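Heads up, the thing below is written out as structure tokens.
Next up, the structure:
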């Protein structure tokens with residue numbers, strides 16, 4: 292599917308269509324569908340979060356110390372995800 296749409300996506304948005312944005316979006320949908328996976332244990336309580344934040348380590352030039360971990364908070368659009376993954 293990526294090969295079919297990558298050229299049109301690049302022409303329209305000026306960004307390469309990567310795999311990471313689709314993986315992040317699928318992960319976010321899975322966390323919405325199974326909120327227990329996104330829950331935290333606080334003492335005796337289980338807290339179910341009403342938000343999804345995903346951090347991804349991305350390589351950067353060595354001048355900025357190697358890896359960055361941007362937090363992608365509540366992103367739903369592939370274009371936003373792809374754009375933010377390409378910033379680093």
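Numbering (our numbering), first residue to last: 292 to 379.
Ideal placement from N, C-alpha and C gives every residue a C-beta, glycine not left out.
Note that this is a predicted model, so its numbers are computed, not measured.
Residue 347 sits buried, since 16 or more C-beta atoms from the chains shown fall within 10 Å of its C-beta. Boundaries of the alpha helix (DSSP H) around residue 315: 310-324. Annotation: residue 327 to residue 319 spans about 13 Å, alpha carbon to alpha carbon.
Counting of Cβ neighbours within 10 angstroms places residue 295 among the exposed residues, the total staying below 16.
Each residue's CA atom was taken as its position, placing residue 304 and residue 317 some 21 Å apart. For residue 324, same chain residues with a beta-carbon under 7 Å away, outside a window of 5 residues either side, do not exist. For residue 313 and residue 306, the gap between their C-alpha atoms comes out near 14 Å. By the 16-neighbour rule on beta-carbons within 10 angstroms, residue 308 is buried.
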